[in-house]
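Number of protein chains: 2
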Amino acid sequence: MTRSTVGIFLFDEVEVLDFAGPFEVFSRTRLVAGSDSRRTDESAPFETFTVARTTDAVTAIGGLRVLPNYSWAEAPRIDILVIPGGFGTRALLNDQPALDWIRKTAAASSQLTSVCTGALLLARAGLLADRRATTHWAALDLLASLDPSIQVQRDARVVSDGVVTSAGVSAGIDMAFSVVATLHGQAVADETAHYIEYPRR
Amino acid sequence: MTRSTVGIFLFDEVEVLDFAGPFEVFSRTRLVAGSDSRRTDESAPFETFTVARTTDAVTAIGGLRVLPNYSWAEAPRIDILVIPGGFGTRALLNDQPALDWIRKTAAASSQLTSVCTGALLLARAGLLADRRATTHWAALDLLASLDPSIQVQRDARVVSDGVVTSAGVSAGIDMAFSVVATLHGQAVADETAHYIEYPRR
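First to last, the protein sequences are chains C and Y. Quick note on my numbering: the first sequence kicks off at 58 and runs consecutively. Quick note on my numbering: the second sequence kicks off at 58 and runs consecutively.
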């Protein structure tokens with residue numbers, strides 16, 4: 058089986074559940090139901106990894122320390138790009154190399170996604186122009202101000218308009234399930250949600 | 058403010074959301090509502106960290122690599138001990154140093170908790186004897202077989218009977234909120250759930 062690659066961007070002060078939720082969903086999805094199928098990657102439709110500017114340890118919000126699987130320079134081709142949020146996004150809004158990497162990687166991907174305030178980075182990179190999109194409830198106005206052409210969706214948990222954006226933090230889990238359902242069907246998404254006992258909205 | 062410490066045990070093949078969910082909840086809880094209070098630790102009632110046998114990188118299920126904040130030997134006193142699950146628990150069931158560390162750390166803690174198949178380790182360590190407890194749906198029979206005195210709860214998401222155990226993976230988020238509510242009230246738990254946009258059961 059050819060697996061789609063899922064690259065999850067990490068940076069200092071990333072929100073833990075923003076990246077860990079989608080990592081869990083994509084890495085635990087199986088096309089064969091049940092607990093045993095999770096013991097191997099045999100029926101795994103995704104290859105999931107983290108990617109950061111360098112492979113130095115990243116310190117997430119709260120002090121969780123993560124070693125990125127790849128640097129920007131060494132990462133394999135990314136089919137599904139996940140941009141999580143967190144206070145660390147604020148510094149990246151004026152970080153041209155980061156915005157360039159997101160733009161370039163998004164252009165080469167088949168699906169661009171964000172969680173929470175990751176949408177701010179997509180907006181700044183010009184990737185949400187004229188699209189419907191959402192973000193964490195505390196950042197909705199900021200999202201609108203970054204690009205007035207965005208049709209900010211204030212009550213949505215997941216918004217799919219070419220780019221798939223989501224509301225805050227745990228909504229990234231629903232974003233990931235939405236992508237799984239689009240690519241592999243609702244039954245596969247539902248079965249994986251059952252496996253991780255997630256109360257889907 | 059004196060903060061309670063939350064120590065989350067990490068080991069190879071730990072399930073990502075099992076540890077990341079409680080890490081998110083405990084590290085983002087604030088006694089002051091809103092988004093701004095999350096920018097500092099000023100109103101944070103918990104100090105949350107990861108702890109493992111050594112500070113070498115741990116490889117979670119799916120390949121996420123985490124650098125533990127502390128080794129067993131160097132960890133500060135742990136008030137709330139979180140034992141997550143994952144396939145890595147199976148090897149630990151026969152790992153006497155790990156079971157001894159759990160027993161000793163649990164005895165010195167004020168609250169012992171588990172997520173998913175972390176309950177198997179507590180059972181093997183004798184810490185669930187004569188208690189009501191739960192685990193991931195695929196491990197309920199195994200939990201019962203490890204200690205027949207456990208009253209296994211097959212349909213519960215969180216079970217509080219001295220030790221707080223939870224069902225699979227994402228149920229660890231609810232377990233953490235349950236502990237937050239017990240220690241700091243339902244309003245604080247609800248406000249943090251709102252902050253991370255978690256659809257609580």
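C-beta atoms are modelled at their ideal positions from N, C-alpha and C, and glycine is treated no differently. Nothing here was measured: the structure is a model prediction, and the numbers come from that model.
Residue Y:T146 holds the alpha-carbon nearest to the alpha-carbon of E70 (chain Y) among Y:V108, Y:S84, Y:T146.
Collapsing the DSSP output to three states places Y252 (chain Y) in a helix. A distance of 7 Å or more separates the beta carbons of P79 (chain C) and A190 (chain C). Neighbours of N151 (chain Y) across chain C, judged by C-beta separation under 7 Å, do not exist; the nearest C-beta is about 18 Å away. By the Cβ-count criterion, G64 (chain Y) is buried, with 16 or more other Cβ atoms from all chains shown falling within 10 Å of its own Cβ. Below the 7 Å Cβ cutoff, chain C contributes L74, G225, V226, S227 as neighbours of I253 (chain Y), in chain order.
Of the other Cβ atoms in all chains shown, fewer than 16 fall within 10 Å of the Cβ of R60 (chain Y); this residue is therefore exposed.
Residues are counted here when their Cβ sits less than 7 Å from a Cβ of chain Y; for the region 166-178 of chain C the count is zero. In the displayed model, V71 (chain C) falls within coil according to three-state DSSP, outside both helix and strand.
DSSP links F106 (chain Y) through a beta bridge to Y:G64.
Secondary structure of S217 (chain C) (DSSP, three-state): strand.
Here the C-alpha atom of V108 (chain C) lies approximately 35 Å from the C-alpha atom of V221 (chain Y). Nearest CB-CB separation between R122 (chain C) and chain Y: below the 7 Å threshold. Per DSSP, S92 (chain Y) has no beta bridge partner at all.
The continuous beta strand (DSSP E) containing I140 (chain C) extends over residues 137-140. DSSP places T170 (chain Y) in no alpha helix (DSSP H) but in the uninterrupted beta strand (DSSP E) bounded by 168-171.
C:L149 is the residue among C:Q168, C:S92, C:L149 whose C-alpha sits nearest the C-alpha of G175 (chain C).
The secondary-structure analysis by DSSP pairs A190 (chain C) across a beta bridge with C:V209. Around R147 (chain C), no beta-carbon contact reaches into chain Y at under 7 Å, the shortest distance being about 10 Å. Take the alpha-carbon of D187 (chain C) and the one of S206 (chain C): they are about 5 Å apart.
Counting only residues of its own chain and dropping the five nearest sequence neighbours on each side, F83 (chain C) has a CB closer than 7 Å to the CB of V63, F103, T105, A233.
In chain Y, no part has a C-beta under 8 Å from the C-beta of I140 (chain C); the shortest such distance is about 17 Å. In this structure the region 94-103 of chain C does not touch the region 161-179 of chain C; the number of beta carbon pairs closer than 8 Å is below three. Listed along chain C are V73, G119, L121, each with a C-beta nearer than 7 Å to that of F80 (chain Y). In this structure, P141 (chain C) sits near D75 (chain C), with a CB-CB distance shorter than 7 Å.
At a cut-off of 7 Å between beta-carbon atoms, S92 (chain C) makes contact with chain Y. Residues of chain C whose Cβ lies closer than 9 Å to the Cβ of S100 (chain Y) do not exist; the shortest such Cβ separation is about 14 Å. At least one C-beta of chain C is nearer than 7 Å to the C-beta of P256 (chain Y).
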